[in-house]
Amino acid sequence: FEYVPDTTDGESDDDLTPLQLKPKYRPISIIPADRPSDMPQTNSCLVGESSLTNLSNATDSQSRHIGVQGKDALKKYDKQNSCFYCFKLFKKITKHLLDRHSKEKEVSEIQDMPVNSSERKKAWDYLRNYGNFNYNVKILKAGNGYIIVARRSRNCNSYKDYIPCYYCYGFFHKKEMYKHCNHCKFQGVISHKNHVKSGRVMLASFVCHRKYKELHENIICTMQQDDVTETVRDDQLLQLFGTILLEKNGLDHKNYISQRIRQLARLLLKVNKDNNLSLSLLELLDPNNFDLLINATKNLTYISDPSKSKPVGLKLGHSIRKCCLIAKSEALTNKHIELITKLDNFIFIFDTEWTDRISSQTLSNLCDSKTDSEQELSVTEDICKLSNYLDSNISDLIKHNIMSPHCLEVDTVNVHNYMGKMFDENNPLPLLDTGMQSPSMSSTSLNYLNDNSQNNEPDDPVAIAPSPENPLKRRKITPYKREKWSPELKCMALDFFKQNIQMKKAPGKTECTLFIEQTKCDRSWVDIKNLIKNTYYGKS
C-alpha cells in the first residue's frame, strides 16, 4: 500500500512539482568514482524569483520551521523516504518505484540486475539517497518541513548539524561524518580529507542562489559555523554585499571579505538581541530603526568607555552605507518606488548623524588611546643601583692606582644628563641624593657617560669596560638629526643617479654607498635613496 502524507489547506499540486534535477545514474558503475561534473543545479531563489523579492519580503519566523525526522525510544519501522520522481513520501520506496515508475530509465536498468545482488542493492540505495537529497533541498529552500536523514537519532538535533555526504548524498550528523565517509561504499578513488566542508560546499551549490554560489563555496563555508555565519546565510542583502566585495577584491582577500560581512552580521545580531526583534538587514535600513542601529553600534564598539573602544565603528559606517546603495540599486532595477524612498530617507539621516554620533567619537577614542598610552617611569631603585655601581667602580679604580684621586672632580650636570637619558630620554629625572661623595667620579668618566660630549676614545679601556656584575647595561643614545640638503651636494646626487631618475628606480644600498665614498658626504644611504625617490615622484 502506498502512503500519502496528510495535506493541509495551504498545500496544492504545485507544491509537489519536482525540482528540475536530472539523475546522472549509470547501471554499469552504479555511481561514478568522482562526483559528476554536471550535477543538477537550481537557479531559484530562497523566496520568490528576483533578488529584490528576497530582500524586501520578510517572512514570519514563527511560521517557518525546519525539523529532523526522529524516532522514539522503541525501534519502529516508520521511516519515510522521498520519491525521486514525484516527491511523495513512502515507507516502502522500492515497492513504489517498481509499481509506479517502472518505465523510468534508472528503474528499468535496476530491474535488469540480478536479484539480491550487491550491485542491485547499491543502485537502490543511491536512487533512494538522491530522492531524499532533492527533497531536503526543497525543504531548505522553502524553510518549512522536516528533512530526511540517513540515521535517525533519539536526541533533538538541529537541522544545521546534518550535512550531506559528498559521495552518496545521504544526510549525516557532522560529528559522525568521518565515520561514514571512511566506509562509504560509494567513495571513489579520489577522497576528500575534510568531509564536512566538502558536504557543506556541495549543499550550498544547490540551496543558495546561483549568483551567491561562489561566495558560499569560498567564503561562507570556510567561516566558523556559529550564529554569525547563520545570520549571513539567512540574509540576502549580506550575501549580495559579500558577492560585490568578492567581485571587487577577488579570492586573494577572502579573509578581508569575511571580516566585513561578519561585522555587519554581528551588528544585526546585536540589534535583534537588545530589542527582542528578528529584523533582516534591509528591514534595519529604515529611518524608524536608525536609533536602534546607533545604540547597537555604541554597545558593540564600547564608545562610552575609551579604554575599551574599538575602531570597528569606522568600518561599520562604510559597510552600512554601501549596503544602502546596493539595496537602492536593486530597488531601481525592479522599480520599487516605496523602497527607494525609504532608502533615500535613511541615507539622508545616516549622512547627517552618523559622523557626529559614531565616527567622531570612535576616532577621538582611537587617537586618545595612542597619545595617552602609559609610559614606564623610572624606578628609584634602578637609579640608586646605578649610583652605587658608579661609586664602587671608581673607588676600585682609585685603589688600584688606575685613576689619580687628585684629578677627581664632581660633574653633576653630566651625571644628571646621563641618568636622565638612560631612564627617560624626554623628561630627565633629577639627580637623587644617594650618598655619592664628591671625589667619586672623574671628569674622564663623566665625559664618557655624557652623550653630548665628543666621542673620544678613553685613555684607559679598563675604566670604561662594562663589568659582568653590572646590573644595568649601558645604552648609548645617539639621536639622528636630519639636516637639509646643501644645493651643491643635492646637484651631485641628482647627477650621479640621473639614470635611476629616468627609469624611476630607487637606488640600492650598494649604489648609495659608492656615492658616499666618492663624494665623502655625511648623509646616510637611506637619505640618498629617499631623495631620488622624491625627485622622480615630484615631491621635492
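Quick note: the sequence shown uses my numbering, first residue 59, plus one each step. For every residue, glycine included, the Cβ atom is placed at its ideal position computed from N, Cα and C.
Query                                                                                                                                                                   : Result
For the 8 Å Cβ check, are there 3 or more pairs between the segment 210–227 and the segment 156–174?                                                                    : no
Our contact map puts F145 next to H154 with C-beta atoms below 8 Å; I'd like the distance itself, whole angstroms only.                                                 : No, F145 and H154 are not in contact; Cβ-Cβ is about 12 Å, not under 8 Å.
Roughly how many whole angstroms lie between the Cα atoms of C226 and H238?                                                                                             : 10 Å
Could you check where the alpha helix (DSSP H) with I14 kicks off and where it finishes?                                                                                : Residue 14 is absent from the structure shown; the chain starts at 59 and stops at 598.
Evaluate Q560 with the Cβ neighbour count: other Cβ atoms within 10 Å of its Cβ, from every protein chain shown; 16 or more gives buried, anything less gives exposed.  : exposed
Using DSSP's beta-bridge definition, name the partner residues of F230.                                                                                                 : I221
Taking just the CA atoms, how far does G375 sit from A385?                                                                                                              : 16 Å
Are the segment 346–363 and the segment 322–329 in contact at 8 Å, needing three or more beta carbon pairs?                                                             : yes
Within 8 Å, do at least three Cβ pairs link the segment 561–576 to the segment 588–595?                                                                                 : yes
Could you name the residues that DSSP lists as bridge partners for F148?                                                                                                : N139
Does V286 come out as helix, strand or coil in the three-state DSSP assignment?                                                                                         : helix
What do you reckon, are the CB atoms on F404 and L343 nearer than 7 Å?                                                                                                  : yes
Is it a yes or a no for the segment 406–422 touching the segment 345–352, going by three-plus beta-carbon pairs under 8 Å?                                              : yes
Counting only runs of 4+ residues fully inside the segment 294–331, write out the alpha helix (DSSP H) ranges in chain order.                                           : 294–307
Using a Cβ-Cβ cut-off of 7 Å (strictly less than) and excluding sequence neighbours within five positions of L273, which residues of its own chain qualify?             : Q297, G300, T301 and L304
Report the residue from T391, A262, E288 and N187 whose alpha carbon sits nearest the alpha carbon of L243.                                                             : Note that residue 243 is Lys in the sequence shown, not Leu. Per the Cα distances, N187.
Take K233 as the anchor and find which of Q245, V584 and N215 has the nearest alpha-carbon.                                                                             : N215
What would DSSP say about V370, mapped onto helix, strand or coil?                                                                                                      : helix
State the Cα-Cα distance for the pair I378 and F229, rounded to the nearest angstrom.                                                                                   : 37 Å
Who are V126's beta bridge partners in DSSP?                                                                                                                            : I205
Quick one, which of S338, D332, N333 and G257 has its alpha-carbon nearest D292's?                                                                                      : S338
Please classify Q557 as buried or exposed, where buried requires at least 16 neighbouring CB atoms within 10 angstroms.                                                 : exposed
Please report the Cβ distance between I319 and V290, rounded to the nearest whole angstrom; I am assuming they are in contact, meaning their Cβ atoms lie under 8 Å.    : 6 Å
Please specify which runs of the alpha helix (DSSP H), each continuous and at least 4 residues long, are wholly inside the segment 328–360, giving them in chain order. : 339–342 and 348–359
Mind reading off the beta-carbon distance from N423 to S367? Whole number of angstroms is fine, and I expect it under 8 Å.                                              : 4 Å
Thinking C-beta only, is N190 closer than 7 Å to I206?                                                                                                                  : yes
On the three-state DSSP scale, how would you describe S582?                                                                                                             : coil
Please name the residue in F555, F573, C579 and E575 whose C-alpha comes closest to that of S599.                                                                       : In the structure as shown, the chain begins at 59 and stops at 598. Residue 599 is therefore absent and cannot be evaluated.
Does E541 pass the burial test, meaning 16 or more other C-beta atoms within 10 Å, or should it be called exposed?                                                      : exposed
With distances taken Cα to Cα, identify the nearest neighbour of S140 among I395, W182 and S450.                                                                        : W182
Exposed or buried, H241, counting other C-beta atoms within 10 Å across all chains shown (16 or more means buried)?                                                     : exposed
If you follow the alpha helix (DSSP H) that Q557 is part of, which residue opens it and which one closes it?                                                            : K556 to M561
DSSP state of S256, grouped into three classes?                                                                                                                         : helix
Are the beta-carbon atoms of Q127 and Y204 separated by less than 7 Å?                                                                                                  : yes
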